[in-house]
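Take the sequence shown: its letter number 137 is residue 137 in full-length UniProt numbering, and every next letter is one higher.
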Amino acid sequence: MRHTKQRDFDKAQKRAVDRFKQRFGKEVIRKQSRQTQLCTKVPPSKKRSFFGGSGPCHYFSNLKGNLMKKAKMEYLNSHEAKVHAAMRKKDLQRNQCAPRTTTTAFLSKKTKPQSQISLGRLQGLNSSSVPPRTVTPNNIFRKDFASSSKPAKSLRRV
1 MRHTKQRDFD KAQKRAVDRF KQRFGKEVIR KQSRQTQLCT KVPPSKKRSF FGGSGPCHYF
61 SNLKGNLMKK AKMEYLNSHE AKVHAAMRKK DLQRNQCAPR TTTTAFLSKK TKPQSQISLG
121 RLQGLNSSSV PPRTVTPNNI FRKDFASSSK PAKSLRRV
């Protein structure tokens, strides 16, 4: 009788231990499924553009092969390429800051601002019949500038 009770007790103890292990194992599996898992493979990036836009290799979109990419990278990191880039940048800044030239109605590109224009030649008259009067940009709007055939208009308002 003692042996049977001992066997029953051992069987019950084994069943309890098995149930405990089973429940504990399920709990461990559940906790592991909730954790973030580290992946060794990284999915391909969708940052690559067909038009050479942003992305890690947009400088090399038209190059084929790893050897060409490596050569291009070496060139871009070289001292010579940096000097060329600095020269291009300096030239671009110089071209953007250049003053723009404008022409006025009284001056053409060929004449200088202080040059003199013959009045007789502007009216189509011979220089022998009417003595030419010279006009500079400073006296072009004066009263006495009017031709002899037309009376002078006053600049004052009445």
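Yeah, the Cβ is synthetic: ideal placement off N, Cα and C, and Gly gets one too. Note that the coordinates shown come from a computational prediction; the quantities given were computed from them, not determined experimentally.
What is the residue span of the alpha helix (DSSP H) that residue i lies within?
i: G25; result: 2–34
i: L67; result: 66–76
i: K90; result: 79–96
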